[in-house]
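First up is the structure itself, then whatever we jot down about it.
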Amino acid sequence: MTSVIDTNDSLDTSWFQEYDKLLNIDTNFTKEVMNTIDIKFLYIDSHNNIQHIFSEQYNLHIDASGSFLLKDDLLMLIQQKKYKNNIKYKLDDILFYHVPIDHTHISEFSSQPSPQDFLKKISFFDSLHIPDSIFIFHPINSLYFFFKENESTHNFTIKSILKSNSSSSRSGKTKKVNINEVPIFQIPTTKPKKKRTRKNIHS
């Protein structure tokens, strides 16, 4: 049995380039522009339990001033990802994790007591600038979108009932049921006394 290799397919050598950079880390310490960023989407239910997590690589906008995730892209992602398994979610938070340290502090990074220093909340009202960073941190520089289950769908019926009741009470057309108006039939527990007549007395 022979195997056929398609020579038109290009061989992916990116892993070798990364490996070569790691071997020469002392000379490859210049901060580089990021072309893509890993975005993680987390879906939380009404009981604060994480139901789904998935990630995808997203291409960044690059110009002379650096890498950006544009505001329009942020809004588009929010709109595209707010439904999961036919359940509607609303955006709760967007967090950006980015390691901006220089090569002289790489050894300190592994013993960093507070990695939260690299995590910050961002707004989707503005484009996000992604600062340059050393290549070894590119895979962990990430965006986190937190979506929480929209409870309005569950409360729709209850809210509708309360609203209709309150509106009807304000209009003075509330229907009342008076229990006292329902006729109550009682069965006598003792026999009625026979009425004594003159005939009965003389008998």
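Add 22 to the 1-based position in the sequence shown for my numbering, that's all there is to it. Ideal Cβ placement from N, Cα and C applies to all residues, glycine included.
Between the CA atoms of residue j and residue i - distance to the nearest angstrom
i, j, result
"Leu163", "Leu92", "In the sequence on display, residue 163 carries Asn and not Leu. Roughly 17 Å separates the two Cα atoms."
"Lys142", "Leu117", "6 Å"
"Lys170", "Lys112", "5 Å"
"Asp124", "Glu173", "45 Å"
"Asn200", "Tyr105", "Note that Asn200 has pLDDT 44, beneath the 50 cutoff, so the model's placement of it is unreliable and no number is given."
"Ser129", "His160", "17 Å"
"Met98", "Leu165", "15 Å"
"Glu54", "Asp154", "5 Å"
Integer-rounded CB distance, given that residue j should sit under 8 Å from residue i
i, j, result
"Phe140", "Tyr119", "6 Å"
"Leu82", "Ile152", "6 Å"
"Ile144", "Leu150", "6 Å"
DSSP bridge partner residues for residue i (one or two, in chain order)
i, result
"Asp115", "Phe168"
"Asn81", "Thr58"
"Leu150", "Leu91"
"Ile109", "Lys106"
Where residue i falls: helix, strand or coil (DSSP)
i, result
"Leu91", "strand"
"Phe63", "strand"
"Ile72", "strand"
"Lys53", "coil"
"Ser129", "helix"
CB of residue i within 7 Å of CB of residue j, strictly
i, j, result
"Ile109", "Tyr80", "no"
"Phe63", "Lys103", "yes"
"Ile66", "Ile75", "no"
"Phe168", "Asp115", "yes"
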